[in-house]
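So the protein lines, in turn, are chains A and B. According to our numbering, the residues represented by the first sequence are 1 to 248, in order. According to our numbering, the residues represented by the second sequence are 249 to 721, in order. Each residue gets a CB set at the ideal place from its N, CA and C atoms; glycine is no exception.
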Amino acid sequence: MQAMIRIMRVGLFVTCLVDLVRPRIGFAALELLQAAGCEVDVPQSQTCCGQPGWNSGDRPSARALAEKVIAEFEVFDYVVAPSGSCAGMIKTHYPELFAGEGAWLARVEALGAKTHELTDFLVNVVHLERVPGRFAGTITYHDSCSGLRELGVKAQPRALLARVPGAELREMQDSEVCCGFGGTFSIKFGEISAAMAQTKCDRIHASGVHAVALGDLGCMLNIEGRLRRMGDATTRVLHVAEVLTAKA
Amino acid sequence: MQSASVHFRQRASGALADKHLQRTLKRFGSGFADKRAAARRAFGEDAFEILREASAAIRDRALEDLDAWLLRFEAEALRRGSRVIWAEDAAETCARVLEICARHGLTKAIKSKSMLSEEAGLNDALAAAGVQPVETDLGEYILQLAGEAPSHIIAPAIHKDMGEVSELFVRHHGRPKSDDIAQMTREAREMLRPHFLSADLGISGGNFLVAETGSVAIVTNEGNGRMVTTLPRVHIAITGIEKVVPTLEDLSALNRILPRSATGQEIENYFSVLTGPKRAGDADGPEHLYVILVDNGRTRLVGSELQEMLRCIRCGACMNHCPVYQTVGGHSYGWVYPGPMGSVLTPVYQGLENALDLPQAATLCGACHVACPVKIPLPGLLRKLREMQMERGLRPWAERAAFRAWAFTAQRPWLYALATRIAARALKWMGGGRGLIARLPFAGRGWTRGRDFPAPEGRTFRELYRAGRRRQT
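Structure representation (structure tokens):
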């Protein structure tokens, strides 16, 4: 009799920024999940986790989108997002959106329990040993705030990057300090936001690396945008999934 | 103190353009945060987390029955010879202090640090009534000479460098210029000494009130607090009503976490528990001790969804860990309390509509929440204030319309797919050959004034994924 091997069904939450700006990061995430032996489904009706509304005080909008995400993703064994910010929204903040609503809360908590940021899933759930990527050069890792402080994503991306042939990891000073993105903050207070991004860019430059890797699109656009505006056309800004899949 | 918080944006802009201030802020940098981290390691990181948990619980216990603990404090303080006065707002606080001055014929007040005195604008009120206020905390003394407000709650003159202080001293002390900090500190002590000896009134804040003994606890690093509370014949301690804790045991726990969180010290240089005025046979102490318990907006927080803010023990860790504070400095916030705790307190005490920018001027990075010794969920509270702004129609029309349009679209996948297809292509076109957008229209200008916007690849993930699936089948 053949052993029954239970294949994990993973729902990939692409995230709105990856969908719009950097689809290749979505494909990199897909490739990594498949390399780990998961059966990956990408619900086509997905749009956004609702965080922009939640962080801007528009609770009804956030709530409506949360209901949509729950309905779309609760059928999977796991839900994975290439973003600590969106995974954090689902795990940490959805319960606040449905506080005191028994039936909803049970569904929200069940979904939260099986939702993971990509590198956390690869390291702590599927224990991915070999990564398909390679990279020639030095890399520093910027800790995105939500992933770090809401989900404890710190060692996971570094562990994975350390397995990329050719990549040399080098820590920068203050890797845990916010890059200044902050969602709508980056537009409402563009001047302060850009000054904070400048501080981050100074740290990256001081570490003397070829590339900065990170786990969230917001930080990525912010840091890359500031580096290029300063005239740095060479320091690469990469999502950790791009490095892990040689899509960089 | 008059609030200038409505001008946050302009003040922050000015702070960013002020090269001297920027250098000073950079130098201050992560100094306090590093010291706190070292103190936390020395204490044991797990033990420290347990202490944070316990401290939050102590504060919550006091706040859950705030009225009862305050009445207990009042009764115990009275029993030990102190006088307890209740003040509803800034004006009443000043009025009560002036009444005491008139009753005892007081003419000169030496002061140790009190943020409530800043809230009440007490120095101006004293001076107007002919009572000379003299700040004796070194930082506050410097600011009094400069005619400025504090920019940090425990290091009020953190925005000034040595050169500025040196020039200020020359101008006011009329002595030769010094660039030796120890020498300058000695000079300030020499200038202050006659004031200490001649003042008839001492005004202090209070870090904690102990209900079971009716005591006021004060921590300082310079020793000025001791002299302010013992030398003059009258001492007035002014505190917010939320500062009460039930027992000395509670005080002891909180006093382990306060200095470690603030400056990374194991204990402050001076820790005083003041219980009543001088008794017969005591060598020193004031003849009269008044405790003024000030509301000034605090009761509005009790029982509200922002109540956790009242746990605050004024250590400054949130601002020491705030990247926005580190970038724009404390004066940008425009009122007494800067940084994350100020961005919650200012709208509550001064009116939501008078500080619209403050709850928005945060990246919600969470560094403050993690550092807070009493685990105040500051990002969550800022988010609630944003919600209140939205509910009360205090956000600009265009912003509300944009959110409605976004929410409408994001709930309709076909419409969202269409909108993102168009946006991905339009933005890619705008990015040109370099793939960078140098100027975005509308609100996007806020982004591109200081940064490029990396252009999208041109097609959405959704499109590419579907195209790939079609090829496979």
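Judged by their CB atoms, residue 121 of chain A and residue 78 of chain A are nearer to each other than the 8 Å cut-off. According to the DSSP assignment, residue 333 of chain B belongs to the beta strand (DSSP E) that extends over 331-335.
If one requires a minimum length of 4 residues, the alpha helix (DSSP H) runs lying completely within the stretch 123-166 of chain A are 145-151 and 155-161, in chain order. Judged by their CB atoms, residue 416 of chain B and residue 377 of chain B are not nearer to each other than the 8 Å cut-off. Between residue 536 of chain B and the set B/479, B/508 and B/569, the nearest pair of CA atoms involves B/479.
Between the C-alpha atoms of residue 456 of chain B and residue 245 of chain A there is a straight-line separation of about 56 Å. If the five residues before and after residue 548 of chain B are omitted, its C-beta is found closer than 7 Å to the C-beta atoms of 596, all from its own chain and listed in chain order. If you look at residue 192 of chain A, you'll find it isn't in any beta strand (DSSP E); it sits in the alpha helix (DSSP H) that goes 190-207.
Annotation note: the stretch 347-389 of chain B contains the following uninterrupted alpha helix (DSSP H) runs of length 4 or greater, listed N- to C-terminal: 363-368 and 370-376. Taking one beta carbon from each stretch, the stretch 598-615 of chain B and the stretch 581-589 of chain B have 3 or more pairs nearer than 8 Å; the two touch. Per DSSP, residue 27 of chain A is one residue of the alpha helix (DSSP H) stretching across 23-35. Remark: C-beta atoms of residue 240 of chain A and residue 132 of chain A do not approach each other more closely than 8 Å. Under the three-pair Cβ rule at 8 Å, the stretch 616-626 of chain B counts as touching the stretch 293-302 of chain B. Residue 558 of chain B sits away from residue 364 of chain B, with the two beta carbons spaced by 8 Å or more. Taking a beta-carbon distance threshold of 8 Å, residue 240 of chain A does not count as an interface residue toward chain B.
The C-beta of residue 389 of chain B comes no closer than 8 Å to any C-beta of chain A.
Residue 701 of chain B carries a strand assignment under DSSP once its states are collapsed to helix, strand and coil. In this structure, the CA atom of residue 658 of chain B is about 16 Å from the CA atom of residue 89 of chain A. By the Cβ-count criterion, residue 282 of chain B is exposed, with fewer than 16 other Cβ atoms from all chains shown falling within 10 Å of its own Cβ. Burial state of residue 567 of chain B is buried, judged by a 10 Å Cβ sphere holding 16 or more other Cβ atoms. Checking the DSSP bridge columns, you'll see residue 456 of chain B partnered with B/465.
The Cβ-Cβ distance between residue 42 of chain A and residue 713 of chain B falls below 8 Å.
Comparing alpha-carbon positions, the option among B/394, B/388, B/602 and B/358 lying closest to residue 643 of chain B turns out to be B/602.
Residues are counted here when their Cβ sits less than 7 Å from a Cβ of chain A; for the stretch 652-667 of chain B these are 654, 655, 658, 659, 661 and 664, given in chain order. Going by DSSP, residue 543 of chain B is part of no alpha helix (DSSP H) at all; its letter is neither H nor E. Non-local beta-carbon contacts of residue 490 of chain B in its own chain, meaning distances under 6 Å to residues more than five positions away in sequence, involve 546 and 558 in chain order.
With a contact defined as Cβ atoms closer than 8 Å, residue 482 of chain B and residue 358 of chain B miss out at about 11 Å.
Within the stretch 483-518 of chain B, the complete alpha helix (DSSP H) runs of at least 4 residues fall at 496-510. Between residue 139 of chain A and residue 168 of chain A, the C-beta spacing is below 8 Å. Look at residue 89 of chain A: its C-beta is not under 8 Å from any C-beta on chain B. Assignment of residue 11 of chain A by DSSP, reduced to helix, strand and coil, places it in the strand class.
In the DSSP assignment, residue 168 of chain A forms a beta bridge with A/138. Each residue's CA atom was taken as its position, placing residue 569 of chain B and residue 194 of chain A some 18 Å apart.
For residue 581 of chain B, there is no enclosing beta strand (DSSP E), as DSSP marks it with neither H nor E.
In this structure, the straight-line span from the alpha carbon of residue 538 of chain B to that of residue 444 of chain B is close to 19 Å.
Per DSSP, residue 229 of chain A is one residue of the alpha helix (DSSP H) stretching across 217-229.
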